[in-house]
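Since the structure comes first, as structure tokens, the remarks are kept for the end.
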Amino acid sequence: TKFLSDKWMFQKGFLKESDIMVNKPWWWNLKLQGLNLSAPLTVLPTVSCQKTIKILKENGFDQAPVVDEAGLVLGMVTLGNMLASVLAGKIKPSDPVNKVIYTQFKQIRLTDNLGKLSRILETDHFALVVHEQIQYLTDGSPSLKQMVFGVVTAIDLLNFVTAREKRERSFSECSDL
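Note that UniProt numbering numbers the sequence shown so that position 42 is 42, with each residue one more than the last.
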């Protein structure tokens, strides 16, 4: 047996992707932008946990990015984290979400490939899709800002992969006629 797994070695930068993956699936090198993600639902840090839970439930989401007024990413809030914090008595439902903000999450860009997303989703429930933009300040100096483009989950990747395979199967059935 190996002392260290190849996946761990890859995640830590000791191995290249090509060292561990010989046969990649058809979708591996496709860009994330092919997923056609919907606009993200975001909340301000001042929104109460109770209100955030209601918003997430109404929209069928488990998590949402927390952004400031300018749209800059502060962190993530998840139903699980809010639930655990309320049940443990750490927060009240009326407390703002910035008390349960979650800052340990993976980020990915639209130009990254689905293989990278797949690796992230092996250990994380979601990845925050960010887009960088250059903002010029009043003194004329540029500042790089990260804006939220979306949240991507395993179901998004699975839907993408199975939709194409389903289309190809129905096409081959039509050509058999």
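Backbone N, C-alpha and C fix where the C-beta goes; we use that ideal spot for every residue, glycine too.
Sequence-distant partners of Y136 (beyond 5 residues in either direction) whose C-beta falls short of 6 Å from its own C-beta, in its chain, are P142. When C-alpha distances from N113 are compared across V129, V86, K54, W8, the shortest belongs to V129.
Q63 and K16 have their alpha carbons spaced roughly 31 Å apart. For the pair of segments examined, the region 107-123 was found to touch the region 30-39: the number of CB pairs separated by less than 8 Å reaches three.
Residue nearest to S118 within the set S85, L83, F160, R164 is F160 (criterion: CA-CA distance).
Cβ contact annotation for N29 (same chain, cutoff 7 Å, sequence separation greater than five): N113, G115, in chain order. In terms of Cβ geometry, V43 and V66 form a close pair [threshold 9 Å].
Counting along the chain, V86 sits inside the alpha helix (DSSP H) bounded by residues 79-87. The beta-carbon separation of Q146 and V73, rounded to 6 Å, stays under the 8 Å limit for a contact. The Cβ atoms of G71 and V148 sit closer than 9 Å to each other. DSSP places L32 in the helix class (H, G or I) of the three-state scheme. Taking each of K92, S94, T153, N81 in turn and checking the Cα distance to K106, the smallest one comes out for T153.
Assigned with DSSP and collapsed to three states, K145 falls in strand. Here the alpha carbons of Y102 and V77 stand approximately 6 Å from one another.
Nearest in C-alpha terms to G60, of all of L41, P45, G75, S48, is L41. Cβ atoms of D68 and P93 stay farther apart than 8 Å, at about 23 Å.
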